[in-house]
Amino acid sequence: MQDAIEQAARTLASAPDILVLSGAGISAESGIPTFREAQTGLWAQYSPEDLATPDAFARHPARVWAWYSWRRRLIARGGPNAGHRAIAELGRRRRVFVATQNVDGLHAAAGSTDIAELHGNIWRDRCTRCGASETRDVAEPVDDGPVYCRSCGAMARPDVVWFGEMLPGDALETAQNALERAAAVIVVGTSNRVYPAAALVDAAVDSSRPVIEINPDITPVSDAVDIRITSAASEALPAMLTSLDAISANG
Ligand code: OAD
Numbered sequence: 051m052q053d054a055i056e057q058a059a060r061t062l063a064s065a066p067d068i069l070v071l072s073g074a075g076i077s078a079e080s081g082i083p084t085f086r087e088a089q090t091g092l093w094a095q096y097s098p099e100d101l102a103t104p105d106a107f108a109r110h111p112a113r114v115w116a117w118y119s120w121r122r123r124l125i126a127r128g129g130p131n132a133g134h135r136a137i138a139e140l141g142r143r144r145r146v147f148v149a150t151q152n153v154d155g156l157h158a159a160a161g162s163t164d165i166a167e168l169h170g171n172i173w174r175d176r177c178t179r180c181g182a183s184e185t186r187d188v189a190e191p192v193d194d195g196p197v198y199c200r201s202c203g204a205m206a207r208p209d210v211v212w213f214g215e216m217l218p219g220d221a222l223e224t225a226q227n228a229l230e231r232a233a234a235v236i237v238v239g240t241s242n243r244v245y246p247a248a249a250l251v252d253a254a255v256d257s258s259r260p261v262i263e264i265n266p267d268i269t270p271v272s273d274a275v276d277i278r279i280t281s282a283a284s285e286a287l288p289a290m291l292t293s294l295d296a297i298s299a300n301g
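Spelled out as C-alpha cells, the structure:
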C-alpha cells in the first residue's frame with residue numbers, strides 16, 4: 051500500500067491543478083453512513099422512494115424532514131475527519147477543485163474553498179413556494195419537524211438533489227471545466243454508480259490524466275485507474291500528503 055501512496059504523491063508533485071471527485075466514503079469515518087454498502091448503507095435500511103424523491107416529499111413531508119434532520123444531527127456530531135482535512139491542506143499546496151456528491155458540507159467545514167456540490171447541500175433549505183433559500187448553521191439545534199420558510203412561511207425542503215431531479219445549476223459544468231484544467235484526478239469514497247456524477251469519473255479515466263482511486267472496495271472503474279489505494283480515506287489522504295511534503299522537501 052505504501053508503494054501506491056508514494057506513487058500517488060509523485061503524481062501529485064508534478065500536478066499544479068488537481069481535481070478531487072468525492073463520495074460518501076470520505077465521510078464514513080465521520081460516522082455518516084454511506085448509501086450502497088451492504089448492511090450499513092442507507093439504501094440497505096431505507097427506501098429512496100420513501101425519502102429521496104419529490105413524490106415522497108409531497109406525500110409525507112414530515113417523514114422526509116425527520117430523516118433529513120436525523121442526518122443533519124449525525125453530520126453535526128461527526129464533523130470533518132482527517133480525510134477532508136488532508137484535501138483542504140492539499141489545497142494550500144496545489145490548486146485543488148473538489149466536486150463532491152456529498153451533501154454534508156464537510157469539505158467546506160474542513161477548509162476546502164473551490165467546491166462543486168453536485169447533489170446540493172443538506173444544510174440549505176429551499177422554500178417550496180417562493181424559492182428563497184437559507185443555509186442553516188451547523189451549530190443550530192435541529193428539530194425533527196418540517197422547516198418553514200423565514201420569508202413567506204411556506205414549507206421549505208432540503209436543497210438536495212432527489213431521484214429524478216436535475217443537478218443544481220452549473221455544478222456539473224463547473225466540475226467538467228475543473229477536469230479540463232486538472233493534471234491529476236483523485237477519486238475518493240464513491241461507488242461510481244450514480245450518473246451524471248459518475249460520468250465525470252468515466253471522463254477522467256478516458257482522458258490522458260492520471261487517476262488515483264482511494265476506496266477499500268472495488269468499483270466499476272477500479273481496473274481502469276492508474277493508481278489504486280485500497281485503504282480508508284482518512285488514512286490514505288494524510289499519508290499521501292506526508293509523502294508529497296517529503297518529495298517537495300527533497301526537491
Ligand atoms: P456509495 O454508498 O454508493 O459508495 C460509497 C463508497 O465509499 C463505496 O464504494 C465504499 O467502498 C467506499 N468507502 C466506504 N468507506 C470508505 C472509506 N473509509 N474510505 C474510502 N472509501 C470508502 O456512495 P456515493 O458513491 O457517494 O445521491 O453515492 C452517490 C450518490 O448515491 C449519493 O450522493 C446519493 C446516493 O443515492 C443522492 O442522494 C442524489
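Just so you know, we're using this note's numbering here: the sequence shown kicks off at 51 and counts up by one. For each residue, glycine too, the CB sits at the ideal point set by N, CA and C.
The ligand OAD and residue i: does the residue's C-beta get closer than 7 angstroms to at least one heavy atom of that ligand?
i, result
"Arg-243", "yes"
"Pro-208", "no"
"Val-238", "yes"
"Arg-86", "yes"
"Glu-230", "no"
"Ile-264", "yes"
"Gly-219", "no"
"Val-211", "yes"
"Ala-169", "It is worth fixing the name first, because residue 169 is His in this sequence and not Ala. Within the cutoff, so yes."
"Asp-252", "no"
"Glu-79", "yes"
"Asp-267", "yes"
"Gln-151", "yes"
"Ile-76", "yes"
"Gly-129", "no"
"Ser-183", "no"
"Ser-272", "no"
Would you report the Cα separation of residue i and residue j, rounded to the nearest angstrom?
i, j, result
"Asn-227", "Phe-213", "25 angstroms"
"Glu-94", "Asn-242", "The sequence given here places Ala at residue 94; Glu does not occur at that position. So the alpha carbons of these two residues sit roughly 17 angstroms apart."
"Pro-196", "Arg-122", "13 angstroms"
"Ala-249", "Tyr-198", "35 angstroms"
"Val-188", "Val-153", "13 angstroms"
"Gln-89", "Val-146", "34 angstroms"
"Arg-113", "Asp-273", "40 angstroms"
"Cys-180", "Thr-224", "26 angstroms"
"Ala-106", "Thr-178", "14 angstroms"
Return the chain-ordered list of same chain residues with a C-beta closer than 8 angstroms to the C-beta of residue i, the five sequence neighbours on each side being excluded.
i, result
"Val-275", "Val-237, Val-255, Val-261, Ile-262, Glu-263"
"Ala-221", "Ala-149, Ala-166, Glu-167, Leu-168"
"His-110", "Asp-100"
"Trp-117", "Tyr-96, Leu-101"
Starting from the C-beta of residue i, find all residues in its chain whose C-beta is less than 7 angstroms away, skip the five residues before and the five after it, and write them out in chain order.
i, result
"Leu-124", "Gly-81, Ile-82"
"Ala-59", "Met-290, Ser-293, Leu-294, Ile-297"
"Pro-104", "Trp-212, Gly-214, Glu-215"
"Ala-247", "Gln-151, Leu-168"
"Ser-284", "Glu-79, Asn-131, Ala-132, Gly-133"
"Ser-281", "Met-51, Pro-266"
Please list, in chain order, all residues of the same chain as residue i whose beta carbon is under 6 angstroms from its beta carbon, the five residues on each side excluded.
i, result
"Thr-61", "Ala-234, Pro-260"
"His-134", "Leu-156, His-157, Ala-160"
"Arg-174", "Ser-183, Thr-185, Asp-209"
"Asp-164", "Phe-147"
"Gly-73", "Gln-151, Gly-239, Thr-240"
"Ala-138", "Ala-160, Gly-161, Ser-162"
Going by C-alpha to C-alpha distance, which of the options sits closest to residue i?
i, options, result
"Ser-201", "Pro-191, Arg-176, Leu-229", "Arg-176"
"Pro-270", "Leu-287, Arg-144, Pro-130, Val-244", "Val-244"
"Ile-172", "Glu-190, Thr-240, Pro-266, Pro-208", "Pro-208"
"Ser-119", "Asp-194, Ile-76, Arg-86, Gly-170", "Asp-194"
- Query: If we count Cβ pairs, one from each stretch, closer than 8 angstroms, do we get three or more for the region 229 to 236 versus the region 64 to 82?
  - Reply: yes
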